[in-house]
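Just so we're aligned, residue 34 is where the sequence shown starts under my numbering, counting upward by one.
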Amino acid sequence: MASSVSREAYGEASDQLAASTTAATAPQLATVADEILSVAGLLRAQPRLRRALTDPSRPGSDRADLLRSLLSGKVSETTVNAVAALVAGRFSRPAELLDATERLGVDALLASADREGKLADVEDELFRFGQIVSGDSQLAVTLSDASAPVEPRVKLVQDLLKGKVHGATGRLAEVALTGFGGRGFQASLTRLVEVTAAKRDREVAYVTVAKPLTDADEQSMTAKLSALYGREVSLKVDVDPSVLGGVSVRVGSDLYDGTVLRKLNQAKQAFAK
34 MASSVSREAY GEASDQLAAS TTAATAPQLA TVADEILSVA GLLRAQPRLR
84 RALTDPSRPG SDRADLLRSL LSGKVSETTV NAVAALVAGR FSRPAELLDA
134 TERLGVDALL ASADREGKLA DVEDELFRFG QIVSGDSQLA VTLSDASAPV
184 EPRVKLVQDL LKGKVHGATG RLAEVALTGF GGRGFQASLT RLVEVTAAKR
234 DREVAYVTVA KPLTDADEQS MTAKLSALYG REVSLKVDVD PSVLGGVSVR
284 VGSDLYDGTV LRKLNQAKQA FAK
């Protein structure tokens, strides 16, 4: 959703969805989220439909009516109205409608987890699942293969996570398989961790260390980074013995790399000159 027009359309649809679900329970929100993500799946599979629903030569009301004719009776009125509000807006490219619909579904899913007070759990579970995938090269290749059918990969993720994580975590992992916002699988997982943290008004700090931090070290680092960035920070720690020592911290595009491995590499480069 790079353009200002698509952000405006998304904002209006998001407001519409929030207004119509103020009294919804967590399960009801989860159902709406699943319906919206199903619509996103339809848009992904139907390029001609995406083009028709973003045709700038047609009034927004006509595009919304077309959407309603396709969805009415198949999904809830809440879902129909939210996606219709999205379609009535303007998009620079048809792909932006897909991205916005997918994001709307993700936001509804996170709202469901929030109603249960489980957003922090979902955030941590997504991060840990990403670490598990990164640590298993065969699993990473299998799940990241966009040329392979998505259904077997979804089944694999479901088998891996069933009964071990919150329902929203598993559904978000499935969203990552289809490439959230056009990203690859692992980049999608990372982005979904950050979107979840943002719902808690937190910045994500990715920390790499050679050995586990103590609770006191984590608290101290969290406090320092929160003070530096002027908002609460959610620490995501990756233990990687290959860095030998020191700490690497990445927050957004900012990277602070004080690991021993980096210093050794710098020394090697200096001697090689």
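Just so it is clear, CB atoms sit at the ideal spot from N, CA and C, and this is done for glycine as well.
Residues near residue i by beta carbon distance below 7 Å, same chain, minus five either side
i, result
"Ala73", "Leu131, Thr134, Glu135, Gly138"
"Lys232", "Leu143, Asp147, Leu152"
"Gln211", "Inspection of the sequence shows that residue 211 is occupied by Thr rather than by Gln. The answer, listed in chain order, is Arg77, Val183."
"Leu268", "Ala238, Val240, Glu251, Met254, Thr255"
Nearest to residue i (by Cα), restricted to the options the options
i, options, result
"Leu152", "Phe162, Ala128, His199", "His199"
"Leu62", "Phe213, Gly168, Ala141", "Ala141"
"Thr111", "Ser102, Glu68, Gln164, Asp192", "Glu68"
"Gln191", "Phe162, Phe213, Tyr289", "Phe162"
"Leu70", "Gln299, Pro92, Arg204, Ala220", "Arg204"
"Asp250", "Ala260, Val280, Ser221", "Val280"
"Val120", "Thr255, Pro89, Ser109", "Pro89"
"Ile165", "Gly215, Gln219, Asn298, Gly214", "Gln219"
"Asp248", "Gly196, Ala260, Val270", "Val270"
Assigned exposure category for residue i - 16 Cβ within 10 Å defines buried
i, result
"Ser145", "buried"
"Gln302", "exposed"
"Gln49", "buried"
"Ala46", "buried"
"Arg264", "exposed"
"Val293", "exposed"
"Arg81", "exposed"
"Thr55", "exposed"
"Leu288", "exposed"
"Leu277", "exposed"
"Thr87", "buried"
Close beta carbons around residue i, own chain, < 8 Å, minus the five adjacent residues each side
i, result
"Glu41", "Gly122, Arg123"
Residue range of the unbroken alpha helix (DSSP H) whose run includes residue i
i, result
"Val276", "From DSSP, Val276 is part of no alpha helix (DSSP H); its letter is neither H nor E."
"Asp154", "152-167"
"Leu258", "248-262"
"Lys188", "183-194"
"Phe218", "218-232"
"Gly79", "For the record, residue 79 in the displayed sequence is Gln; it is not Gly. Here Gln79 belongs to no alpha helix (DSSP H), and DSSP marks it neither H nor E."
"Thr202", "200-210"
"Gly93", "93-104"
Cβ-heavy atom distance, residue i to the ligand COA, below 7 Å
i, result
"Ala59", "As far as ligands go, the structure on display features none, and thus does not contain the ligand COA."
Boundaries of the beta strand (DSSP E) in which residue i is found, first to last residue
i, result
"Ser281", "280-284"
"Asp178", "That residue, Asp178, is in no beta strand (DSSP E); it is neither H nor E in DSSP."
"Ser267", "265-272"
"Thr87", "It is not in any beta strand (DSSP E) - Thr87 carries neither H nor E in the DSSP assignment."
"Glu236", "235-242"
Neighbourhood of residue i by C-beta, 6 Å cutoff - its chain only, sequence neighbours within 5 removed
i, result
"Val65", "Thr111, Thr112, Ala141"
"Val155", "Ala146, His199, Ala201, Thr202, Thr229"
Supposed contact pair residue j and residue i - C-beta distance, whole angstroms, cut 8 Å
i, j, result
"Ala117", "Leu100", "5 Å"
"Tyr262", "Val284", "7 Å"
"Val237", "Glu227", "5 Å"
"Ala201", "Leu225", "The Cβ separation is near 10 Å, so there is no contact."
"Ala206", "Leu194", "6 Å"
"Ser39", "Ser125", "6 Å"
"Pro127", "Arg84", "5 Å"
"Ser177", "Gly217", "6 Å"
"Ala57", "Glu149", "12 Å between Cβ atoms; not a contact."
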